[in-house]
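Visitor:
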Amino acid sequence: MNPRKADERRDHRKRPVRAVVRLDAAALWKRLALLNRSQSWLAREVGISPGYLSMLINAGRAPSGRIREQMQKALGVDDFNDLFGVEE
781 MNPRKADERR
791 DHRKRPVRAV
801 VRLDAAALWK
811 RLALLNRSQS
821 WLAREVGISP
831 GYLSMLINAG
841 RAPSGRIREQ
851 MQKALGVDDF
861 NDLFGVEE
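As structure tokens, this is what we get:
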């Protein structure tokens, strides 16, 4: 097999890089403290389990658009960048 052809096939299969939204844990804790609220409270407000919220905080999962919107609403955050960051 021609090595060049194999390389071309591999390059063809590469997927484009997707941006991933991550929760800024420090900003979240600061906001919860300011509101005198708990992680459990936020999970209830957003409609997710405390365990799933923990995964979001520890960057084990990326929050969906719906969850991001619900978190911003519950915490009274207008600017997306105050609570989330984008990784490439």
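Going by our numbering, the letters in the sequence shown line up with residues 781 to 868, in that order. Cβ coordinates follow ideal geometry from the N, Cα and C atoms, glycine included.
1) Which of the three DSSP states, helix, strand or coil, is assigned to residue 867?
2) Which residue spans inside the segment 828-859 form an unbroken alpha helix (DSSP H) run of at least 4?
3) List the whole-angstrom C-beta distance separating residue 805 from residue 826, where the pair is believed to meet the contact cut-off of C-beta under 8 Å.
4) Quick one: Cα of residue 810 to Cα of residue 795, how far?
5) Tell me which residue opens and which closes the beta strand (DSSP E) that residue 802 is part of.
6) Rounded C-beta distance between residue 823 and residue 814? I'm assuming under 8 Å.
7) So residue 808 and residue 837 are supposed to be a Cβ contact under 8 Å. How far apart are they, rounded?
8) Have a look at residue 856 and residue 797 and give me their C-alpha separation to the nearest angstrom.
9) What number of angstroms, rounded off, separates the C-alpha of residue 850 from the C-alpha of residue 828?
Guide: Considering the structure as presented:
1) strand
2) 830-837 and 845-855
3) Contact doesn't hold; Cβ gap of about 15 Å is too wide.
4) 37 Å
5) 800-803
6) Your pair residue 823 and residue 814 does not check out as a contact, with CB atoms roughly 18 Å apart and the cut at 8 Å.
7) 6 Å
8) 32 Å
9) 10 Å
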